[in-house]
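Using this note's numbering, read the sequence shown as starting at 54 and increasing by one per residue. Below you'll find the structure, written out as structure tokens, and then a few comments.
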Amino acid sequence: MGIVLGIESSCDETAAALVTTDRQIIAERIASQVEAHAPYGGVVPEIAARAHAEKLAPMIEDVLKEANVALTDLDAIAATAGPGLIGGVMVGLVSAKALAMASDVPLIAINHLEGHALSPRLADETLKFPYALLLVSGGHCQILMVEGVGQYRRLATTIDDALGEAFDKTAKILGLGYPGGPAVERLALEGDASAVPLPRPLVGSGEPHFSFAGLKSAVMRAKDSGNYADADIAASFQQAAIDCLLDRLRVALNNRTLPPALVVAGGVAANTAIRGALEGFADARQMRFVAPPMTLCTDNAAMIAWAGAERLASGQSDPLDFVARPRWPLDPDAAPVRGAGAKA
Ligand code: KG4
Ligand code: ZN
């Protein structure tokens with residue numbers, strides 16, 4: 054059994070965790086910067102980088118102490134090396150490089166999206182490759198076929214906003230604060246999902262891609278009209294998002310041999326209504342539905358350590374001069390999508 058230290062600093066969570074190669078999370082720390090960014094209604098890159106720089110080193114010391122593990126006991130040090138806010142990514146990656154060099158332990162540079170993509174296998178050892186993955190977070194909205202460690206085939210992506218971003222913008226329009234996903238979900242429980250007519254962008258299109266910008270604008274118009282209760286807007290928005298997800302998944306998996314499992318990962322996977330809808334979709338197709346526990350859905354370091362453990366098991370590590378990547382597609386062979394923004 055080996056131990057991997059994982060480091061995450063690509064957005065607004067600073068996190069460190071120790072995970073064993075047999076799936077035990079033996080120590081973890083996570084610090085959210087939500088309060089620091091809340092006054093701005095979104096993540097401010099400079100504030101994020103400074104906060105990571107302040108918090109990360111003591112956090113790493115804490116997890117090692119708690120587990121009574123020395124740096125030299127580690128089998129690898131895995132850090133998010135992109136995609137994400139470059140200042141924050143560099144704080145984590147440079148720390149990992151320094152520790153790896155000082156202790157002569159292999160460095161593993163992890164694609165943050167790979168962390169999300171493999172996280173369900175940390176929680177569930179029975180989940181085998183291949184599986185269909187819906188990756189829905191603040192920066193990404195993709196459907197992938199996960200065929201093995203390092204083998205990801207992108208079937209769909211968003212041509213504009215990510216779904217988490219749409220939740221966050223809806224929350225802002227409704228005055229619910231940041232981060233918006235959980236707040237919109239809570240308010241939606243009190244609303245009528247059929248009360249507000251909202252569009253389902255790209256539903257019916259033959260390509261399985263996503264678009265959420267038009268939905269967000271429609272939410273804004275609904276709010277400005279003064280005709281609808283906020284809870285009804287929240288519930289109708291969430292239902293429109295679910296309808297989009299299910300239709301796009303249907304198209305993405307059409308005419309393919311269905312993999313045995315449908316997996317959801319990323320921050321938006323914490324949404325109970327979305328999980329329920331996906332479970333129904335999977336059941337109808339005799340696919341197993343797998344969603345990691347909530348704490349593994351949002352950004353965390355255990356998933357980065359686990360992705361490191363998976364890479365280590367397949368004999369991979371990275372050189373100490375590995376350069377942080379603000380953009381880093383999981384499937385570099387995926388054809389570019391017309392209209393797709395920086396986050397695709
Ligand atoms: O994966 P994550 O922690 O960070 C990124 O890599 O982006 O995802 C954060 C996103 C935010 O947009 C947040 O609003 C959304 O996940 N989110 C949710 C819920 N919890 C978090 N969206 C909908 N419902 C939720 N319960
Ligand atoms: Zn993430």
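Beta carbons are placed, not taken as given, at the ideal position from N, Cα and C, and that holds for glycine. Treat the numbers as computed from the prediction; the structure is a model and nothing was measured.
Quiz item: Which residues mark the beginning and the end of the beta strand (DSSP E) in which ILE327 is found?
Solution: By 1-based counting over the sequence shown, the position of residue 327 is 274. Unbroken run through ILE327 is the alpha helix (DSSP H), 325-337; no beta strand (DSSP E).
Exercise. Taking ILE226 as part of the alpha helix (DSSP H), name the residues at either end of that continuous run.
Key: Your numbering for residue 226 matches position 173 in the sequence shown. From DSSP, the alpha helix (DSSP H) with ILE226 extends over 216-226.
Quiz item: Which ranges would you report for the beta strand (DSSP E) in the segment 69-128 if only whole runs of at least 3 residues count?
Solution: 78-85
Quiz prompt | Reduced DSSP secondary structure (H/G/I, E/B, other) of GLN369 | solution = Counting from 1 along the sequence shown, the entry for residue 369 is found at position 316. DSSP places GLN369 in coil when its eight states are reduced to three.
Quiz prompt | Nearest-angstrom Cα separation, counted from ALA153 out to ALA397 | solution = Position 344 of the sequence shown holds residue 397. Position 100 of the sequence shown holds residue 153. Residue placement at ALA397 cannot be trusted, given a pLDDT of 38 that sits under 50; what the coordinates show is reported in the next sentence. So the two alpha carbons sit approximately 31 Å from each other.
Self-check item: Per DSSP, cross-strand counterpart(s) of ALA354
Solution: Working through the sequence shown from its first residue, we reach residue 354 at position 301. Partner(s): none; ALA354 has no beta bridge.
Quiz item: Does at least one heavy atom of ligand 2 sit under 6 Å from the Cβ of SER367?
Solution: Here residue 367 refers to the residue found at position 314 of the sequence shown. No; taking the cut-off as 6 Å, the Cβ of SER367 has no heavy atom of ligand 2 nearer than that.
Exercise. Could you tell me which residues DSSP pairs with THR67 in its beta bridges?
Key: Numbered from its first residue, the sequence shown carries residue 67 at position 14. Beta-bridge pairing links THR67 to ALA84.
Quiz item: Which of the three DSSP states, helix, strand or coil, is assigned to MET198?
Solution: Taking the first residue of the sequence shown as 1, we reach residue 198 at position 145. If DSSP states are grouped into helix, strand and coil, MET198 belongs with the strands.
Quiz item: Which two residues bound the contiguous beta strand (DSSP E) that contains LEU208?
Solution: By one-based count along the sequence shown, residue 208 stands at place 155. Its beta strand (DSSP E) spans residues 204-209.
Quiz item: What residue range is occupied by the uninterrupted beta strand (DSSP E) comprising ILE60?
Solution: Taking the first residue of the sequence shown as position 1, residue 60 is located at position 7. From DSSP, the beta strand (DSSP E) with ILE60 extends over 56-61.
Self-check item: Pairwise C-alpha distance: PRO235 and THR211
Solution: For the purposes of this step, residue 211 is identified with residue 158 of the sequence shown, where counting begins at 1. For the purposes of this step, residue 235 is identified with residue 182 of the sequence shown, where counting begins at 1. Between THR211 and PRO235, the C-alpha separation is close to 21 Å.
Quiz item: For ligand 2, is there a heavy atom less than 6 Å away from the beta-carbon of SER190?
Solution: Here residue 190 corresponds to residue number 137 of the sequence shown, with the count starting at 1. At least one heavy atom of ligand 2 is nearer than 6 Å to the Cβ of SER190, so yes.
Self-check item: Reference ASN164, options ASP245, GLY135 and LEU187, closest by Cα
Solution: Here residue 164 refers to the residue found at position 111 of the sequence shown. Considering only alpha carbons, the answer is GLY135.
Quiz item: Is DSSP giving ALA377 helix, strand or coil here?
Solution: The residue labelled residue 377 in the question sits at position 324 within the sequence shown. If DSSP states are grouped into helix, strand and coil, ALA377 belongs with coil.
Exercise. Identify which residue in PRO385, ASP65, PHE220 and SER172 has its Cα closest to the Cα of GLN77.
Key: Working through the sequence shown from its first residue, we reach residue 77 at position 24. For GLN77, the nearest C-alpha among the options comes from SER172.
Quiz item: Can you list the alpha helix (DSSP H) stretches of 4 or more residues lying completely in the segment 225-281, in chain order?
Solution: 233-241 and 266-278
Quiz item: Thinking C-beta only, is LEU160 closer than 7 Å to ILE130?
Solution: One-based indexing of the sequence shown puts residue 130 at position 77. One-based indexing of the sequence shown puts residue 160 at position 107. In contact: ILE130 and LEU160 (Cβ atoms closer than 7 Å).
Self-check item: Assigned exposure category for GLU260 - 16 Cβ within 10 Å defines buried
Solution: Against the sequence shown, residue 260 aligns to sequence position 207. Per the 10 Å Cβ criterion, exposed.
Quiz item: Taking Cβ positions, are LYS269 and ALA219 nearer each other than 7 Å?
Solution: As a position in the sequence shown, residue 269 is number 216, starting the count at 1. As a position in the sequence shown, residue 219 is number 166, starting the count at 1. Their beta carbons are under 7 Å apart, which means LYS269 touches ALA219 by this criterion.
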